[in-house]
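**Student:** Counting from 1, position 207 in the sequence shown corresponds to residue 207 in UniProt numbering; the numbering is continuous, with no gaps.
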Amino acid sequence: MKFGKQFRGTVQARMPQWAAYMLDYKKLKVAISQLETARSTLQPQGGWSLEEASSSFTALLDEEVDKVNSFYSDRIEEGVIIIHALKQHVDDLEAMLRAKPHDVACLEQRAACQRSLVALHFNLLMLQNYVALNFTGVVKILKKFDKRLVASLRQEYIAAIVELPFYRCAALGQLVEEAEKLFANLERNHCVPSAPQNQQERIVSVSGGTCAPMAVQQPHKSPATAA
1 MKFGKQFRGT
11 VQARMPQWAA
21 YMLDYKKLKV
31 AISQLETARS
41 TLQPQGGWSL
51 EEASSSFTAL
61 LDEEVDKVNS
71 FYSDRIEEGV
81 IIIHALKQHV
91 DDLEAMLRAK
101 PHDVACLEQR
111 AACQRSLVAL
121 HFNLLMLQNY
131 VALNFTGVVK
141 ILKKFDKRLV
151 ASLRQEYIAA
161 IVELPFYRCA
171 ALGQLVEEAE
181 KLFANLERNH
191 CVPSAPQNQQ
201 ERIVSVSGGT
211 CAPMAVQQPH
221 KSPATAA
């Protein structure tokens, strides 16, 4: 299965609500085909330049990367606000539970806070996947450009975006770690009934691998075709 189809399938399966903010891989692929057609038409007449083609494609790719980076930055800003509010809530809850460890209202607030942390953690993990999938798309489309236009744009372009927040994603790793610590604090510090087991099982430590490339979904092969 070609990457473009895998890309769309992964978006639809894992993050359909963010589809409008994904790298438009198809548009970039079409642009490469148009540049390739222009080369075959204009090059014999001396009216085609690889430098101009690279500049045109880079401008289009810049727009897509800016879209991804802006979306990532907005989600990080939201996450910082949410984690700050939850941290204050956890601190307040710990004080309340020390004073009234079996108070029903306090226990209900604790369970609600845990559910909020689970929801935040899930969204942060989805953002990790968003980053990994879009970066893979950037690398793949640059590889396609270089192959079909006989160019060497990929290394230069990647070197130019390594300082962007969505590439470095240090803030995302910090948010994931903070959410896990807050949840663990609620679990560790109070030996009282907590969130339902199915909620607890959904928040597991992933710190240290924040932006590792995510495997794109692959088609299943039968034993006969796998040989």
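In this text, a Cβ means the ideal position worked out from N, Cα and C, and glycines have one as well.
Output the boundary residues of the alpha helix (DSSP H) element that contains Leu93.
**Tutor:** Here residue 93 refers to the residue found at position 93 when the sequence shown is read from its first residue. Its alpha helix (DSSP H) spans residues Leu50 to Ala99.
**Student:** Is it true that the region 100-108 meets the region 144-156, where meeting means three or more beta-carbon pairs spaced less than 8 Å apart?
**Tutor:** Taking 8 Å as the limit for Cβ pairs, the verdict is that the region 144-156 does not touch the region 100-108.
**Student:** Between which two residues does the alpha helix (DSSP H) containing Ala19 stretch?
**Tutor:** Locating residue 19 in the sequence shown gives position 19, counting from the first residue. Careful: Ala19 lies outside any alpha helix (DSSP H) and carries neither H nor E.
**Student:** Quick one: residues in its chain with C-beta nearer than 6 Å to the C-beta of Gly79, no 5 flanking neighbours on either side, listed in chain order?
**Tutor:** Here residue 79 is taken as the residue at index 79 of the sequence shown, counted from 1. Answer for Gly79: Leu175, listed in chain order.
**Student:** The alpha helix (DSSP H) with Leu164 in it runs from where to where?
**Tutor:** By one-based count along the sequence shown, residue 164 stands at place 164. Here Leu164 belongs to no alpha helix (DSSP H), and DSSP marks it neither H nor E.
**Student:** Is Asn134 closer than 8 Å to Met22 when the C-beta atoms are compared?
**Tutor:** Locating residue 22 in the sequence shown gives position 22, counting from the first residue. Locating residue 134 in the sequence shown gives position 134, counting from the first residue. Taking 8 Å as the Cβ cut-off, Met22 and Asn134 qualify as a contacting pair.
**Student:** Considering only C-alpha positions, which residue in the set Gln128, Lys100, Lys87 and Val139 is nearest to Ser116?
**Tutor:** Working through the sequence shown from its first residue, we reach residue 116 at position 116. Of Gln128, Lys100, Lys87 and Val139, the residue nearest in Cα terms is Lys87.
**Student:** Short check: CB of Leu142 to CB of Cys113, under 8 Å?
**Tutor:** Within the sequence shown, residue 142 is the residue found at index 142, counting from 1. Within the sequence shown, residue 113 is the residue found at index 113, counting from 1. Contact: no.
**Student:** With a 10 Å radius around its C-beta and 16 neighbouring C-beta atoms as the bar for buried, classify Arg98 as buried or exposed.
**Tutor:** Along the sequence shown, one-based indexing puts residue 98 at 98. So Arg98 ends up on the exposed side.
**Student:** Can you give the Cα-Cα distance for Ala171 and Ala38, rounded to whole angstroms?
**Tutor:** Numbered from its first residue, the sequence shown carries residue 171 at position 171. Numbered from its first residue, the sequence shown carries residue 38 at position 38. About 42 Å.
**Student:** Please name the residue, chosen from Leu186, Phe166 and Arg75, that lies closest to Glu64 on a Cα-to-Cα basis.
**Tutor:** Locating residue 64 in the sequence shown gives position 64, counting from the first residue. The residue with the shortest Cα to Cα distance from Glu64 is Phe166.
**Student:** What is the DSSP secondary structure of Ser205, counted as helix, strand or coil?
**Tutor:** Counted from its first residue, the sequence shown places residue 205 at position 205. Caution is warranted here: a pLDDT of 40 is assigned to Ser205, below 50, making its placement in the model unreliable, and no coordinate value can be reported.
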